[in-house]
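The structure appears right after this line, and notes come after that.
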Amino acid sequence: MGGIAASAAAFLPGCKPQLAGVLTSSDTHPADYPTVQAVEYMGKLLAERTGGRLGIKVYAGGQLGSETDTLEITSFGGLDLNRINLAPLNSIEPATLPFALPFVFDSVAHMRRVVDSELGDEVLASLEPHGLVGLVFYDSGARHFYNTKRPIVTPADMVGLKLRVPASDLYVAMVNALGANAVPIPFGEVYQALAQGVIDGAENNWPSFVSARHYEVAPYFSLTAHLLTPEALVISKETWDQLSPDDRALVRLAARDSVPFMRRLWDARVEEARATIIASEVLVNSVDTDPFAALMRPVWDEFITTPQQAALVERILEMGSGR
Ligand code: GTR
Numbered sequence: 191m192g193g194i195a196a197s198a199a200a201f202l203p204g205c206k207p208q209l210a211g212v213l214t215s216s217d218t219h220p221a222d223y224p225t226v227q228a229v230e231y232m233g234k235l236l237a238e239r240t241g242g243r244l245g246i247k248v249y250a251g252g253q254l255g256s257e258t259d260t261l262e263i264t265s266f267g268g269l270d271l272n273r274i275n276l277a278p279l280n281s282i283e284p285a286t287l288p289f290a291l292p293f294v295f296d297s298v299a300h301m302r303r304v305v306d307s308e309l310g311d312e313v314l315a316s317l318e319p320h321g322l323v324g325l326v327f328y329d330s331g332a333r334h335f336y337n338t339k340r341p342i343v344t345p346a347d348m349v350g351l352k353l354r355v356p357a358s359d360l361y362v363a364m365v366n367a368l369g370a371n372a373v374p375i376p377f378g379e380v381y382q383a384l385a386q387g388v389i390d391g392a393e394n395n396w397p398s399f400v401s402a403r404h405y406e407v408a409p410y411f412s413l414t415a416h417l418l419t420p421e422a423l424v425i426s427k428e429t430w431d432q433l434s435p436d437d438r439a440l441v442r443l444a445a446r447d448s449v450p451f452m453r454r455l456w457d458a459r460v461e462e463a464r465a466t467i468i469a470s471e472v473l474v475n476s477v478d479t480d481p482f483a484a485l486m487r488p489v490w491d492e493f494i495t496t497p498q499q500a501a502l503v504e505r506i507l508e509m510g511s512g513r
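Count along the sequence shown from 1, then add 190; that gives the number in this note's numbering.
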């Protein structure tokens, strides 16, 4: 861990130290998941462009711990890179909340337009005081509710369900406002919690529903599309500060170049996961999302409290298709 910090700096006498090494990176998803593949691709680009002086080793499958834990380690420099959901960032930086509001994006195209604009750069830059340098946003598609009990067609169907959420007050408020009971637990523990009946359901995108095998234990998948929040790739400020300006530029460029690669993989993965579910015994139902969105107004009001956040929300909505 802390690859760059740990590796010996190769430098010529009298020259600025040239840091060399393999950057460590964490991801909660398995090795073949698009986010993992994208960071590996970024590492390949970095290695090519530095003659092997810099590279990336991804620790996949949550082997280094939950996103909340690894994020903390990253902010102290124990890990170089981390690919995470915005949920754990919501708790440390208010500027990340607008991207995580339920129903704030009307489509994947809207979300991509926003993160590709200067708004995306502003939110990434907001992480610096927390020991993190935001590099890029990746896709995460739409999140839908799934559970072991019944199809969710209207918010009334959610009443009383114990639904897992990631560690984020916003997610807790969202699920509780819909009438269910939010249970924050790490992603890696959801399968077992579902299988043992500790929770009744959870919410996630098609690819995670399949790759984490939640579909084997939660047979009702309801297309609520309540969140279109992007993922984030961050690098520790500790690591960043040890890189030369040229290497920082190379890291930023390789990260940016991994985004179109990731989006191609992502779009294919969504289709593949959808096909797996349609062919399975899972009951998928469509949902009129308006009554769900209507219940989110107090949640927006509770979490969007500063003029800076309100301005971000307004700019996000202006870039939508105005549904
Ligand atoms: C996934 C996301 C992960 C993780 C997970 C969760 O969609 O890619 O980073 O946060 O959801 O629900 O915890």
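We put the beta carbon where it would ideally sit given N, CA and C, even for glycine.
Report task. Could you tell me the distance, in whole angstroms, from the CA atom of Leu-351 to the CA atom of Glu-379? Result -> 18 Å
**Report entry** One or two residues paired with Ile-274 in a DSSP bridge
**Finding:** Ala-422
Query raised in the report: Quick one: what does DSSP say Ala-408 is sitting in, helix, strand or coil?
Result: coil
Query - Element boundaries [beta strand (DSSP E), containing Val-249] - result: The sequence shown places Tyr at residue 249, rather than the Val named in the question. Where Tyr-249 is concerned, the enclosing beta strand (DSSP E) stretches over 244-249.
Query - Residue from Arg-505, Leu-317 and Val-472 with nearest C-alpha to Ser-426 - result: Leu-317
Query raised in the report: I think Thr-286 touches Val-304, with their Cβ atoms under 8 Å apart; what is that distance to the nearest whole Å?
Result: Actually they are not in contact, since the Cβ atoms of Thr-286 and Val-304 sit about 13 Å apart, beyond 8 Å.
Query raised in the report: Where does Thr-496 land, buried or exposed, given buried means 16+ other C-beta within 10 angstroms?
Result: exposed
Query raised in the report: Can you pull the DSSP bridge partners for Val-323?
Result: Ile-425
Query raised in the report: Does the beta carbon of Glu-471 fall short of 7 Å from some heavy atom of ligand 1?
Result: no
Query - Collapsed DSSP secondary structure at Phe-451 in the structure displayed - result: helix
Query raised in the report: Where does Lys-352 fall in DSSP's three states?
Result: strand
Requested in this report: Between the Cα of Ala-250 and those of Asp-347, Thr-218, Asp-491 and Glu-308, spot the shortest distance and give me the residue it belongs to.
Outcome: Thr-218
Query raised in the report: The beta strand (DSSP E) with Thr-214 in it runs from where to where?
Result: 211-216
Query raised in the report: Could you give the distance in angstroms between the alpha-carbon of Gly-391 and the alpha-carbon of Ile-246?
Result: 35 Å
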